[in-house]
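Inspection log for the structure reproduced underneath, given as C-alpha cells.
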Amino acid sequence: MSIIVFGSINMDLVARVPRLPVPGETLTGHSFSTVPGGKGANQAVACARLGARTEMIGRVGDDVFGESLRTHLSQEGVIVEGVGIARGAPSGVAVIAVSQSGENEIIVIPGANGMVGEVDLDYLRGHIASVKVLLLQLEVPMSAVVEAARLGHTHGLTVILDPAPAQTLPEELYRQVDILTPNTSEAGSLVGFPADTIEGAEQAAQELRRRGTPRVIIKMGGKGAFSYTDAGSAVFSPYLVDVVDTVAAGDAFNGALAAALSEGRSYDQAVQWGMAAGALAVTKRGAQEAMPYRAEVLSLIEKGKPSV
C-alpha cells in the first residue's frame, strides 16, 4: 500500500544568521542557499526515504525552480506524475532565516501552489484506489484540501492533516481527518489558548477531538509529543539530540508517521517513528536533505525507545 502527499512544493531561499532579526533590524548573515522545500514535498521525501511508495500531487511553476523541484523529487524516489506545471506562473518559494541556535522564521510565497485545484483533485480521484494514507498540509488552497480530505475519508484512507501554516479550519474538515498533527503554536491558534504545556496540550487536544477529529498529536519539540485518542492520552518523550536546525522537524515527523501507518504498524509505533525521524532531522541542516533514512530511524528507536 502507498501514500499520496497532496500539497505544496517550494524552493527554499535560506539565509543563515547569527540570530533572528527584530523588526526594522538589518543583520549580516553567514550564508545563503537555495534548496528544495515546501511542506508537502518535504513530507513526500520523508516518506520515500523511509521506504514507502510515495506519490506527490501538487504544482510547480513554469520556471527553472519548477524544473529543478520536479527532478529532485523524482531522484528521491517520489512518483511525480501528479506534479503539474502551472504555465506562466512562478514556483512557490519560502524565505527562511535560520539562527545559529537552530530556530527559524519563514515567509511563504505560494506561487504555483496557489493554483492547486480541480485538475489535481481529478488526478487524486484517479489514483486513490491503491492508497492507504493521504497526507495533507495547508500551503495549497483550503478548498482543495477540504475536497482532498473528503475524497480520502470517503475511500477509507487514513487522512493525516498537518495544519500548517496555522489558519482557521472549516468545521467539516475536522470530521474528514483521522489524525491532526499541529505543533504547540498551531494548536494554540486553532483553539484560542496556549498549548505549550502538557496541561494546555491536553485541553487543546480535547477541544480538537470535540470538533470531530478522533486522533490528535500535538508536537511539542523538546518536550516530546502529546497524543489523545479514543483510548486516552499519552505523552511521548523526546529523543535527546544536539539541535542544529529545526526547519523541517515537523515534516519529518509527519512523513514517518504516514510511512509507518502505510506498512501496517500500530498507531503508537507510528508516533514513535515520527518522534525518531523528527529528532534525527534536527541534527542536520536543511529541509529535505535532513530527512532521515529508514535504517537511521530504526536504529534510533532500537537504541532508546521513548517512554509512552
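Under this note's numbering, the letters of the sequence shown match residues 61 to 368, in that order.
We put the beta carbon where it would ideally sit given N, CA and C, even for glycine.
The structure displayed is predicted, hence computed values, not measured ones.
Within 8 Å, strictly: CB atoms of residue i and residue j
i    : j    : result
G100 : Q197 : yes
G248 : A264 : yes
I69  : V191 : no
V193 : A318 : yes
A316 : A336 : yes
A309 : A320 : no
N314 : T218 : no
N164 : V158 : yes
V237 : L221 : yes
A104 : L133 : yes
L233 : L250 : no
G162 : D311 : no
I239 : R275 : yes
T114 : S62  : yes
D180 : A204 : yes
R271 : E231 : yes
V307 : W333 : no
Host beta strand (DSSP E) of residue i (start-end)
i    : result
T289 : A285 to T289
M71  : N70 to R76
T94  : S91 to G97
V191 : V191 to L196
T218 : T218 to L221
Counterpart residues of residue i in DSSP-defined beta bridges
i    : result
I277 : S287
E165 : A157
A146 : G121
E85  : In the DSSP output, where bridge partners are listed per residue, E85 has none listed.
S293 : Y288
T114 : I63
G346 : G346 pairs with nothing; no bridge assigned.
G152 : N70
N243 : K279
I139 : E115
Of the residues the options, the one placed nearest residue i, counting alpha carbons only
i    : options                   : result
R354 : T131, L133 and G111       : G111
V124 : R210, S326, M71 and G142  : M71
T343 : S359, V301, R113 and Q329 : V301
D122 : E85, P83, V105 and G171   : G171
G282 : F296, L133 and T289       : F296
S245 : R269, P225, R109 and Y234 : P225
G142 : D305, L184 and E127       : L184
T289 : V303, Q266 and S161       : Q266
V95  : G364, S151 and P78        : S151
T214 : I188, L195, M202 and S203 : I188
V153 : Q135, S128 and Q160       : S128
R79  : N102, M116 and Q160       : Q160
G126 : D256, A106 and R147       : R147
Y327 : S293, T86, E362 and V303  : S293
Q227 : G216, G252 and R235       : G252
I117 : G272, S287 and E178       : E178
I258 : T273, R235 and S287       : S287
E85  : A149, D256 and V77        : V77
Expected contact under 8 Å - CB spacing of residue i and residue j to nearest Å
i    : j    : result
N173 : V200 : 5 Å
A350 : Y299 : Actually they do not touch by this definition, with Cβ atoms about 15 Å apart.
V89  : R119 : The question names Val, yet the displayed sequence has Gly at residue 89. About 30 Å; that fails the 8 Å criterion.
I278 : A261 : 4 Å
Residue interval of the alpha helix (DSSP H) (run including residue i)
i    : result
R185 : E178 to H187
A339 : Y327 to A341
G252 : No alpha helix (DSSP H) holds G252; DSSP gives it neither H nor E.
G260 : I258 to R270
S62  : Taken as a continuous stretch (DSSP letters only), S62 belongs to no alpha helix (DSSP H), being part of the beta strand (DSSP E) at S62 to F66.
H213 : M202 to T214
D238 : From DSSP, D238 is part of no alpha helix (DSSP H); its letter is neither H nor E.
L229 : Segment: none, L229 is in no alpha helix (DSSP H) and carries neither H nor E.
Proximity test, residue i beta-carbon vs the ligand HEM heavy atom, cut-off 7 Å
i    : result
V251 : The ligand HEM is not part of this structure, which contains no ligands at all.
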